[in-house]
Each structure stands twice: as structure tokens, then as C-alpha cells.
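In my numbering, the protein residues as written are 326 to 400. Please read the structure below before turning to the comments.
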């Protein structure tokens with residue numbers, strides 16, 4: 326994950342590139358955590374702390390992606 330200077334003093338194209346990188350990271354994280362949750366569920370570990378943490382992370386990702394859709398930044 327790239328956590329550069331958070332947009333301070335960046336040119337508009339640099340900020341756009343940072344946004345695109347952040348979005349790709351968020352989407353990748355969401356996919357990976359979904360797969361891991363499916364694996365844990367298949368193993369009967371839905372009540373584990375790990376499963377619950379993935380669930381919480383996916384809720385945050387879903388909220389962020391919903392905001393991107395709301396503002397027309399994501400299809």
C-alpha cells in the first residue's frame with residue numbers, strides 16, 4: 326500500500342493517480358477479505374475473532390465504495 330504525502334502539494338494528476346491507487350487497493354482488499362471469509366465459513370469458523378475482524382473491515386470497505394459510487398467516482 327502506498328501512503329505517500331497524502332496529497333499535500335501534489336499536482337492534480339498526481340492526486341488523481343493517488344486516488345486510483347487507493348481505490349485499487351481498497352477493491353483488492355475487499356476481494357481478498359471476502360475470499361478469506363468464505364474459507365473461514367467453510368471451515369465453520371464464523372464465530373472466530375479473525376472472521377469478525379474481516380467482517381468489520383468489509384463493512385468499512387463497503388461504506389467507502391458506496392461513497393465513491395454516490396459521488397460518481399465508481400460505476
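In this text, a Cβ means the ideal position worked out from N, Cα and C, and glycines have one as well. Please read all numbers here as calculations on a predicted model, not as lab measurements.
Cβ-Cβ separation between residue 359 and residue 377: approximately 15 Å, too far for a contact (criterion under 8 Å). Within the model, the alpha-carbon separation for residue 375 versus residue 392 is close to 26 Å. Shown here, residue 372 sits in coil according to DSSP, grouped into three states, outside any helix or strand.
The alpha-carbon of residue 388 is positioned some 18 Å away from that of residue 362. Straight through space, the alpha carbons of residue 333 and residue 340 are spaced by roughly 9 Å.
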